[in-house]
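Chemist: One structure is given below, represented as structure tokens, and several questions about it will come after.
In my numbering, the protein residues as written are 19 to 207.
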């Protein structure tokens, strides 16, 4: 019972951290603010996450786990349909998209603790999108390769998320991404 309560407490701390990071950014987030959000002292929170970096790592890993649980597949084998479904899914969870967007933007600074995480994550995602586009090589615009188009697809996804967060009434991520796929000539699989 104690182990289950500890796991529940950790999960509630991570959810609170998502909220605080989305509101304040990583640099503006303190362990004290997250602790207050879940009704703990800072020392109590540090029992579960000794440093702010430990908490950030848990936030990032949890976001990826949620995606994998929702889709139940390996991202490296993602299909065009599954990627479009992920865009649809993200449209239902603005807080998580906002946290991801804030953290990814914050991570471009040299000393940010999530910099390596995002470098590695983008490398994995580029590889996965390249594999996905490779299966559609014959459909791609002439003179382009999956390796060239993968970073563009990711830029479209990230850009749509940012614009949607800023003006959800005007920007439809799902339609925008499907329009991009049409421009690429990629048909759903």
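From the three backbone atoms N, C-alpha and C, an ideal C-beta is built for every residue, glycine too.
For clarity, every value in this text was computed on a predicted model and none was experimentally measured.
Roughly how many angstroms lie between the CA atoms of residue 169 and residue 82, to the nearest whole one?
Modeler: 19 Å
Chemist: Pick helix, strand or coil for residue 126, following the three-state DSSP scheme.
Modeler: coil
Chemist: Express the C-alpha separation of residue 164 and residue 152 in angstroms, rounding to a whole number.
Modeler: 6 Å
Chemist: Do residue 78 and residue 135 have their beta-carbon atoms positioned less than 7 Å apart in this structure?
Modeler: yes
Chemist: Classify residue 137 as buried or exposed, calling it buried when 16 or more other Cβ atoms lie within 10 Å of its own Cβ.
Modeler: Within a 10 Å sphere around the beta-carbon of residue 137 sit fewer than 16 other beta-carbons, which makes this residue exposed.
Chemist: Would you kindly report the start and end of the unbroken alpha helix (DSSP H) that includes residue 57?
Modeler: Element bounds for residue 57: n/a, residue is neither H nor E.
Chemist: Is there contact here, the region 51-61 with the region 31-42, by at least three beta-carbon pairs under 8 Å?
Modeler: yes
Chemist: Within the chosen definition, does the region 106-113 reach the region 191-207 through at least 3 CB pairs nearer than 8 Å?
Modeler: yes
Chemist: Leaving out five residues on either side along the sequence, give the residues of the same chain with a beta carbon under 6 Å from the beta carbon of residue 154.
Modeler: 204
Chemist: Tell me, to the nearest whole angstrom, how far the beta carbon of residue 150 is from that of residue 97; I am working on the premise that it is less than 8 Å.
Modeler: The Cβ separation is near 7 Å, so the contact holds.
Chemist: Quick one: what does DSSP say residue 143 is sitting in, helix, strand or coil?
Modeler: Residue state, collapsed to three classes: helix.
Chemist: Identify the continuous alpha helix (DSSP H) that holds residue 30 and give its terminal residues.
Modeler: 20-42
Chemist: Residue 105 to residue 175, Cα distance in whole Å?
Modeler: 8 Å
Chemist: Classify residue 200 as helix, strand or coil using the three-state DSSP reduction.
Modeler: helix
Chemist: Distance, Cα to Cα, residue 61 vs residue 143?
Modeler: 37 Å
Chemist: Buried or exposed: where does residue 73 fall if 16 or more other Cβ atoms within 10 Å of its Cβ makes it buried?
Modeler: buried
Chemist: So what's residue 133 in DSSP terms, helix, strand or just coil?
Modeler: helix
Chemist: Please state whether the Cβ-Cβ distance between residue 66 and residue 21 is less than 7 Å.
Modeler: no
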